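Quick note: the sequence shown uses our numbering, first residue 12, plus one each step. Beta carbons are placed, not taken as given, at the ideal position from N, Cα and C, and that holds for glycine. Values in this document were obtained by computation on a predicted structure and should not be read as measured data.
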Amino acid sequence: MLNKVFGTDSRYCDGITRRRMLNVGATRLLGGLSLPVLLQLQAQAATGRPAKAKACIFFMLEGGPSHIDMWDLKPDAPTEIRGPFHPISTNVPGTQIGEILPLCSQVADKLTILRSHSHNDNAHQTGRHWLLTGYPPSFADGQAKGVPFNELYPSIGSIVSRELGPGGDVPPYVELPNALGPGGPGFYGAKYAPFTIENDPAQPDFKVRDLDVPDSVAADRFLRRQQLLAATEQLGAAQAATGRAVMLKSYYEQAMHLVTSPEARKAFNIQLEPAEMRERYGYSSIGQSALLARRLVGAGCRFIGIEHGSWDTHFENFTSHSKALVPPTDRAFSALVSDLDERGMLDETLVIMMGEMGRTPRINKDAGRDHWSQCQTVIMAGGGIKRGAVIGASDATASFPTTHPYGIQDLLRTVFDLMGVDADKVYHTPLGRPVPIVSGGRRIDEVLA
Numbered sequence: 012m013l014n015k016v017f018g019t020d021s022r023y024c025d026g027i028t029r030r031r032m033l034n035v036g037a038t039r040l041l042g043g044l045s046l047p048v049l050l051q052l053q054a055q056a057a058t059g060r061p062a063k064a065k066a067c068i069f070f071m072l073e074g075g076p077s078h079i080d081m082w083d084l085k086p087d088a089p090t091e092i093r094g095p096f097h098p099i100s101t102n103v104p105g106t107q108i109g110e111i112l113p114l115c116s117q118v119a120d121k122l123t124i125l126r127s128h129s130h131n132d133n134a135h136q137t138g139r140h141w142l143l144t145g146y147p148p149s150f151a152d153g154q155a156k157g158v159p160f161n162e163l164y165p166s167i168g169s170i171v172s173r174e175l176g177p178g179g180d181v182p183p184y185v186e187l188p189n190a191l192g193p194g195g196p197g198f199y200g201a202k203y204a205p206f207t208i209e210n211d212p213a214q215p216d217f218k219v220r221d222l223d224v225p226d227s228v229a230a231d232r233f234l235r236r237q238q239l240l241a242a243t244e245q246l247g248a249a250q251a252a253t254g255r256a257v258m259l260k261s262y263y264e265q266a267m268h269l270v271t272s273p274e275a276r277k278a279f280n281i282q283l284e285p286a287e288m289r290e291r292y293g294y295s296s297i298g299q300s301a302l303l304a305r306r307l308v309g310a311g312c313r314f315i316g317i318e319h320g321s322w323d324t325h326f327e328n329f330t331s332h333s334k335a336l337v338p339p340t341d342r343a344f345s346a347l348v349s350d351l352d353e354r355g356m357l358d359e360t361l362v363i364m365m366g367e368m369g370r371t372p373r374i375n376k377d378a379g380r381d382h383w384s385q386c387q388t389v390i391m392a393g394g395g396i397k398r399g400a401v402i403g404a405s406d407a408t409a410s411f412p413t414t415h416p417y418g419i420q421d422l423l424r425t426v427f428d429l430m431g432v433d434a435d436k437v438y439h440t441p442l443g444r445p446v447p448i449v450s451g452g453r454r455i456d457e458v459l460a
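What follows is the structure in structure tokens.
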């Protein structure tokens with residue numbers, strides 16, 4: 012079981028590719044306050060308003076989906092801009108999206124479509140780091156893999172993990188099926204690193220590695236191993252107080268808790284889902300990841316990052332979107348939103364889908380679209396978000412917002428506010444430099460219910 016900070020794939024054009032904090036159960040605290048009530052009061056005190064979302068599921072469409080072909084079509088633009096796709100009506104009167112999203116068109120009444128998100132980093136790794144942390148990185152695009160995570164800023168998932176802690180027996184921050192890319196615990200340290208599954212739940216033999224004690228190890232032998240390790244750590248406590256030992260100890264404790272928790276093992280066991288439910292989400296990587304995310308939210312996970320790559324469509328953009336990329340995404344996202352709503356979970360679960368950028372309005376010579384961060388669409392649902400709304404607008408070619416452009420800090424502030432996290436809270440780096448959770452920006456009130 013590994014908890015990586017950076018992915019290692021090279022699918023893009025540039026070649027780049029829990030510790031349990033509280034173990035009180037139903038114990039009463041502070042003269043009769045239960046832990047859930049205490050956390051709720053803490054969250055409300057932090058933001059001045061009750062937290063709407065208990066969890067967040069974040070779809071990262073790595074490489075950059077084409078906003079002009081999916082969510083913000085321009086049918087009156089010239090052919091070299093608009094492409095071959097046509098808009099279709101949704102179940103919200105007056106709202107249209109791309110014809111390649113027929114299932115999402117039928118859940119538009121549960122979504123907010125934000126068409127005026129914009130930033131100025133057109134690179135994959137640096138743009139993704141900025142999006143996930145709220146801070147432009149100090150490294151050049153392509154160098155992220157070699158940068159020690161304690162020199163980086165913490166990601167949105169690590170911040171949520173630190174501020175809210177675990178909500179059950181599963182880790183508070185999970186990534187699947189791979190790491191989201193740049194972003195992770197940063198200078199917060201390994202204690203707040205994601206639990207990265209690094210295995211595709213769509214595979215027939217899917218299993219979360221190291222989640223079970225081997226059959227060859229009897230229960231009493233397993234217990235003796237734990238006792239021996241604890242005694243060894245006591246002997247070397249002074250030497251193990253800093254450095255790599257702390258990191259490894261954090262990983263070990265997280266793994267040990269998962270191995271010994273029946274509830275955690277059950278949450279990760281997607282085979283327990285009925286066949287018809289798995290089919291509803293689609294037997295694709297993004298589909299089964301979305302289904303597993305729903306199970307994890309039900310078990311108390313706070314933040315689930317779903318990595319779905321290969322959206323860097325410099326070549327054959329339209330074939331890639333219509334045949335390979337959009338259909339499983341359309342099915343997965345629409346199924347998740349509907350399923351959460353049917354279970355009464357959507358109002359307390361924030362769902363976001365976006366990439367690190369959009370695509371260029373003008374089609375290139377290879378029938379592709381290139382990098383374009385100046386205008387992109389963000390899809391939001393649940394957790395205090397309006398239903399059936401379109402916020403913001405872009406110009407006639409989907410090149411720039413014509414309404415107020417919302418940036419990365421604005422989006423992160425909105426997410427943290429909905430989850431009851433004080434975005435102005437300051438932590439200090441190992442060198443003592445103060446770093447607020449979010450520097451600048453303002454909450455996007457237009458998207459709030």
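Using a threshold of 9 Å, state whether the C-beta atoms of residue i and residue j are closer than that.
{"i": "residue 350", "j": "residue 305", "result": "yes"}
{"i": "residue 419", "j": "residue 452", "result": "yes"}
{"i": "residue 67", "j": "residue 315", "result": "yes"}
{"i": "residue 367", "j": "residue 71", "result": "yes"}
{"i": "residue 69", "j": "residue 297", "result": "no"}
{"i": "residue 145", "j": "residue 111", "result": "no"}
{"i": "residue 193", "j": "residue 137", "result": "yes"}
{"i": "residue 84", "j": "residue 97", "result": "yes"}
{"i": "residue 343", "j": "residue 405", "result": "no"}
{"i": "residue 454", "j": "residue 122", "result": "no"}
{"i": "residue 6", "j": "residue 345", "result": "Lying outside 12 to 460, the shown extent of the chain, residue 6 is not represented and no answer is given."}
{"i": "residue 311", "j": "residue 219", "result": "no"}
{"i": "residue 377", "j": "residue 73", "result": "no"}
Cα-Cα, which of the options is closest to residue i?
{"i": "residue 332", "options": "86, 311, 94", "result": "94"}
{"i": "residue 456", "options": "353, 424, 336, 436", "result": "424"}
{"i": "residue 183", "options": "202, 198, 193, 189", "result": "202"}
{"i": "residue 458", "options": "354, 362, 138, 89", "result": "362"}
{"i": "residue 285", "options": "274, 303, 273, 272", "result": "303"}
{"i": "residue 340", "options": "199, 454, 294", "result": "294"}
{"i": "residue 90", "options": "79, 422, 99", "result": "79"}
{"i": "residue 409", "options": "279, 77, 360, 62", "result": "77"}
{"i": "residue 102", "options": "119, 389, 342, 392", "result": "119"}
{"i": "residue 441", "options": "290, 322, 200", "result": "200"}
{"i": "residue 389", "options": "369, 365, 375", "result": "365"}
{"i": "residue 129", "options": "330, 371, 185", "result": "371"}
Could you tell me the distance, in whole angstroms, from the CA atom of residue i to the CA atom of residue j?
{"i": "residue 373", "j": "residue 164", "result": "34 Å"}
{"i": "residue 416", "j": "residue 172", "result": "29 Å"}
{"i": "residue 430", "j": "residue 124", "result": "20 Å"}
{"i": "residue 283", "j": "residue 444", "result": "47 Å"}
{"i": "residue 414", "j": "residue 126", "result": "9 Å"}
{"i": "residue 379", "j": "residue 320", "result": "16 Å"}
{"i": "residue 174", "j": "residue 434", "result": "10 Å"}
{"i": "residue 273", "j": "residue 140", "result": "35 Å"}
{"i": "residue 75", "j": "residue 211", "result": "21 Å"}
{"i": "residue 353", "j": "residue 197", "result": "37 Å"}
{"i": "residue 178", "j": "residue 309", "result": "10 Å"}
{"i": "residue 325", "j": "residue 61", "result": "44 Å"}
{"i": "residue 279", "j": "residue 88", "result": "47 Å"}
Helix or strand or just coil, what does DSSP make of residue i?
{"i": "residue 126", "result": "strand"}
{"i": "residue 284", "result": "coil"}
{"i": "residue 75", "result": "coil"}
{"i": "residue 182", "result": "coil"}
{"i": "residue 447", "result": "strand"}
{"i": "residue 410", "result": "coil"}
{"i": "residue 161", "result": "Low per-residue confidence applies at residue 161: pLDDT is 49, beneath 50, and the placement is therefore not dependable, though the value from the model is reported in the following sentence. Reduced to three states, the DSSP call for residue 161 is helix."}
{"i": "residue 233", "result": "A caution first: residue 233 carries a pLDDT of 48, below 50, which makes its placement in the model unreliable, though a value can still be read off. Looking at residue 233 - three-state DSSP - the assignment turns out to be helix."}
{"i": "residue 325", "result": "coil"}
{"i": "residue 295", "result": "coil"}
{"i": "residue 208", "result": "coil"}
{"i": "residue 320", "result": "coil"}
{"i": "residue 400", "result": "strand"}
Does chain C have any CB closer than 9 Å to the CB of residue i?
{"i": "residue 323", "result": "Reference to chain C is not applicable here, since this structure consists of a single protein chain."}
Just list the residues that DSSP pairs residue i with in beta bridges.
{"i": "residue 100", "result": "107"}
{"i": "residue 301", "result": "Answer by DSSP bridge pairing: none, since residue 301 is not bridged."}
{"i": "residue 203", "result": "Beta-bridge pairing links residue 203 to no other residue."}
{"i": "residue 382", "result": "370"}
{"i": "residue 392", "result": "122, 362"}
{"i": "residue 135", "result": "The partner list for residue 135 (beta bridge, DSSP) is empty, contrary to what the question assumes."}
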